[in-house]
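Chemist: Here's a structure for you.
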Amino acid sequence: MLTYLDHPNGWWRDNAQKQIIILDDKSVVPALKAMASGKNGTSALGRLHALWTLEGLNAIDKPTIYAALKDTDPQIRKAAIWISEIFLKQNDQTLIATIGKMANDENYDIKTQILLSLGTNKSALAKQIVQDILTQNAHNQMIMSVKKSIDKNEDAKIYGIKLAGFSPPERKLILAGGEIYKSLCSACHGADGKGLPTNAAPALRGAKHINADKDIAIRILMNGLKGPIEGKTYPSVMLAMNDNSDEWVASVVSYIRYEFVGTSMRVGKGRQSAVVQASDVKKIREQHAGKTEPWTIEELEQLSAVINQ
Ligand code: HEC
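In the working numbering, the protein residues as written are 629 to 937.
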């Protein structure tokens, strides 16, 4: 079966590789290592399949990796870096240094693979190698887009998929709003936005007015709200919060839209982000500068209907 790994026809190569891995027959490992190192005139494709088969059998070792890193064929050097990740994860400094020396490989697949394999490695040496590649290839689109996608994945690990979808300044706004919400708004609206058993205030989770025109939520926060919502009356009113800065209002509105109604939402024909900027708040503040009375829902709906026509 091994000879099929070097078959000119890809179907035979792929199936031989699959079969060997499924059978999990470790007796073929020495022969595979010989093939991977190009003995007996194994072709580049044969060497590549031998490497991946060893990986599939969990039988890859460092001498095989080191030999493959020096292969004349760039696709094999690339695969060797990729497959070496099990050792890179253990922070093997010698291996990291060896791969670091390949950063000047004229083949961009190699540089890209180094970024992918070392991009999340926490060792100082790996970080330096990655930084050097980025500095030296700052104008290469492929390298820069790989860097972006690595960062995105890292962000998703740190912030969770949902929050990672926002830019860093937007994230900051949402997180700051979350702090304000916890310390102030949750007292009436509940920490989870579902309201309190006392029914002191409406639930914000899924509230249609927060979801709709972002200006409605800004207006409520700025000047407050009174009177029934969806046919329900509450014992008190929503207080005006326009003593706070534009940034403060923007962050808490961003947070409730993000947390309780989704990351982005359909409004009319376009998509509207959950995030509200300080400049949006400033505009509303100027629009209703003399206002002292709280809004009613009817007034807000009318205002939005007129503006959005
Ligand atoms: C002292 C209690 C209290 C606090 C604190 C409070 N609210 Fe309210 N909120 C209310 C009440 C009561 C209403 C309903 C007013 C009405 O009957 O029209 C309301 C209504 C709202 C609405 C409209 C909901 C809808 O369905 O249209 C929003 C949005 C809102 N509040 C956001 C906030 C945010 C954000 C904070 C924190 C910055 C906050 N509230 C803090 C009592 C409170």
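Where a beta carbon is used, it is the ideal one built from N, C-alpha and C, also for glycine. Note that the coordinates shown come from a computational prediction; the quantities given were computed from them, not determined experimentally.
Excluding the 5 residues flanking W640 on each side, which residues of the same chain have their C-beta closer than 7 Å to its C-beta?
Modeler: Stepping through the sequence shown from its first residue, residue 640 is reached at position 12. Answer for W640: Y632, listed in chain order.
Chemist: Measuring only the C-alpha atoms, how far is K822 from I838?
Modeler: Translated into positions along the sequence shown, residue 822 becomes position 194. Translated into positions along the sequence shown, residue 838 becomes position 210. So the alpha carbons of these two residues sit roughly 14 Å apart.
Chemist: Only counting the same chain, and skipping five residues up and downstream in sequence, which positions put a Cβ closer than 6 Å to that of V895?
Modeler: The residue you call residue 895 lines up with position 267 of the sequence shown. In this prediction, V895 scores a pLDDT of 45, lower than 50, which makes its location untrustworthy; the coordinate-derived value is nonetheless stated afterwards. The answer is none, since no qualifying residue turns up.
Chemist: With the cut-off set at 7 Å, would you say A664 and T692 are in Cβ contact?
Modeler: Position 36 of the sequence shown holds residue 664. Position 64 of the sequence shown holds residue 692. In this structure, T692 lies closer than 7 Å to A664 by Cβ.
Chemist: With H, G and I counted as helix, E and B as strand and the rest as coil, what does DSSP make of T763?
Modeler: What you label residue 763 is simply residue 135 of the sequence shown in a count that begins at 1. Here T763 sits in helix by DSSP.
Chemist: By alpha-carbon positions, which one of I724, I648, I846, A835 ends up nearest to T681?
Modeler: Position 53 of the sequence shown, counted from the first residue, corresponds to residue 681. That would be I648, whose Cα lies nearest to the Cα of T681.
Chemist: Starting from V865 and walking both ways along the alpha helix (DSSP H), at which residues does that stretch end?
Modeler: Mapped onto the sequence shown, residue 865 falls at position 237. No alpha helix (DSSP H) holds V865; DSSP gives it neither H nor E.
Chemist: According to DSSP, simplified to helix, strand and coil, what is T670?
Modeler: For this step, residue 670 is matched to residue 42 along the sequence shown. Residue state, collapsed to three classes: coil.
Chemist: Expressed to the nearest angstrom, what Euclidean distance is found between the alpha-carbon atoms of D689 and A678?
Modeler: For this step, residue 689 is matched to residue 61 along the sequence shown. For this step, residue 678 is matched to residue 50 along the sequence shown. Distance between the alpha carbons of D689 and A678 is about 13 Å.
Chemist: Please determine whether the Cβ atom of H677 lies at a distance below 6 Å from any heavy atom of the ligand HEC.
Modeler: As a working note, residue 677 is residue 49 in the sequence shown. It does not: the Cβ of H677 is nowhere closer than 6 Å to a heavy atom of the ligand HEC.
Chemist: In angstroms with no decimal places, state the Cα-to-Cα distance between S901 and L762.
Modeler: By 1-based counting over the sequence shown, the position of residue 901 is 273. By 1-based counting over the sequence shown, the position of residue 762 is 134. Each residue's Cα considered, the two are about 31 Å apart.
Chemist: Give me the Cα-Cα distance between S745 and K667, rounded to the nearest whole angstrom.
Modeler: Translated into positions along the sequence shown, residue 745 becomes position 117. Translated into positions along the sequence shown, residue 667 becomes position 39. Taking the straight line joining both Cα atoms gives about 28 Å.
Chemist: Tell me the residue span of the alpha helix (DSSP H) that contains M663.
Modeler: Here residue 663 refers to the residue found at position 35 when the sequence shown is read from its first residue. Where M663 is concerned, the enclosing alpha helix (DSSP H) stretches over 657 to 664.
Chemist: Alpha carbon to alpha carbon, how far is V881 from S777?
Modeler: Position 253 of the sequence shown, counting from 1, holds the residue named residue 881. Position 149 of the sequence shown, counting from 1, holds the residue named residue 777. Roughly 29 Å separates the two Cα atoms.
Chemist: If you reduce the DSSP assignment to three classes, tell me which class T861 lands in.
Modeler: Here residue 861 refers to the residue found at position 233 of the sequence shown. If DSSP states are grouped into helix, strand and coil, T861 belongs with coil.
Chemist: Could you have a look at L630 and say whether DSSP puts it in helix, strand or coil?
Modeler: The residue given as residue 630 occupies position 2 in the sequence shown. Looking at L630 - three-state DSSP - the assignment turns out to be helix.
Chemist: By alpha-carbon positions, which one of K780, K654, D841 ends up nearest to I925?
Modeler: As a first step, residue 925 is located in the sequence shown; it is residue number 297 there, counting from the start. If we check each option's Cα against that of I925, D841 comes out closest.
Chemist: In this structure, does DSSP put K698 in helix, strand or coil?
Modeler: Translated into the one-based positions of the sequence shown, residue 698 becomes position 70. Looking at K698 - three-state DSSP - the assignment turns out to be coil, as it is neither helix nor strand.
Chemist: Helix, strand or coil: which one does DSSP assign to T826?
Modeler: For the purposes of this step, residue 826 is identified with residue 198 of the sequence shown, where counting begins at 1. Coil, per DSSP.
Chemist: Do C813 and A828 have their C-beta atoms within less than 7 Å of each other?
Modeler: Indexing the sequence shown from 1 puts residue 813 at position 185. Indexing the sequence shown from 1 puts residue 828 at position 200. No; because the gap between Cβ atoms is not below 7 Å, this pair is not in contact.
Chemist: At a cut-off of 6 Å, is S879 close to the ligand HEC when judged by its beta-carbon and the heavy atoms of the ligand?
Modeler: Here residue 879 refers to the residue found at position 251 when the sequence shown is read from its first residue. S879 Cβ: outside cutoff for every heavy atom of the ligand HEC.
Chemist: How would you label D696, buried or exposed, when you count the other beta carbons within 10 angstroms and need 16 or more for buried?
Modeler: Locating residue 696 in the sequence shown gives position 68, where the first residue counts as 1. Correcting the residue identity first, residue 696 is Ala in this sequence and not Asp. A696 is buried by the Cβ-count criterion.
Chemist: Once you ignore the five residues that flank T891 on each side, which residues in its own chain have a CB closer than 7 Å to its CB?
Modeler: Position 263 of the sequence shown, counted from the first residue, corresponds to residue 891. Confidence is the limiting factor: at T891 the pLDDT is only 49, short of 50, which leaves the residue's position unreliable, though a coordinate-based value still follows. Cβ within range, chain order: K790, G793, A902.
Chemist: By a C-beta neighbour count over all protein chains shown, 10 Å radius and 16 as the cutoff for buried, is M772 buried or exposed?
Modeler: As a working mapping, residue 772 is identified with position 144 in the sequence shown. Result: exposed.
Chemist: Taking Cβ to Cβ, would you say K857 is nearer than 7 Å to P830?
Modeler: Taking the sequence shown and counting its residues from 1, the one referred to as residue 857 is at position 229. Taking the sequence shown and counting its residues from 1, the one referred to as residue 830 is at position 202. Going by the sequence as given, residue 857 is Ile instead of Lys. Yes, these two residues count as a Cβ contact at 7 Å.
Chemist: Would you kindly report the start and end of the unbroken alpha helix (DSSP H) that includes H817?
Modeler: The count along the sequence shown starts at 1 and reaches residue 817 at position 189. H817 -> alpha helix (DSSP H) spans 814 to 817.
Chemist: At a cut-off of 6 Å, is I884 close to the ligand HEC when judged by its beta-carbon and the heavy atoms of the ligand?
Modeler: Translated into the one-based positions of the sequence shown, residue 884 becomes position 256. Yes, since a heavy atom of the ligand HEC falls inside the 6 Å radius drawn around the Cβ of I884.
Chemist: Among A659, S671, Y862, whose alpha-carbon lies nearest the alpha-carbon of D699?
Modeler: Here residue 699 is taken as the residue at index 71 of the sequence shown, counted from 1. It is S671 whose Cα lies nearest to the Cα of D699.
Chemist: State the DSSP-derived secondary structure class of L801, mapped to helix, strand or coil.
Modeler: Within the sequence shown, the letter at position 173 stands for residue 801. Looking at L801 - three-state DSSP - the assignment turns out to be helix.
Chemist: Buried or exposed: where does G747 fall if 16 or more other Cβ atoms within 10 Å of its Cβ makes it buried?
Modeler: If you number the sequence shown from 1, residue 747 lands on position 119. Per the 10 Å Cβ criterion, buried.
Chemist: Mind reading off the beta-carbon distance from V904 to R885? Whole number of angstroms is fine, and I expect it under 8 Å.
Modeler: Here residue 904 refers to the residue found at position 276 of the sequence shown. Here residue 885 refers to the residue found at position 257 of the sequence shown. Sure, about 7 Å apart at Cβ, within 8 Å.
Chemist: Cβ of H837 within 6 Å of any heavy atom in the ligand HEC?
Modeler: Here residue 837 refers to the residue found at position 209 when the sequence shown is read from its first residue. Checking every heavy atom of the ligand HEC against the Cβ of H837, one is found closer than 6 Å.
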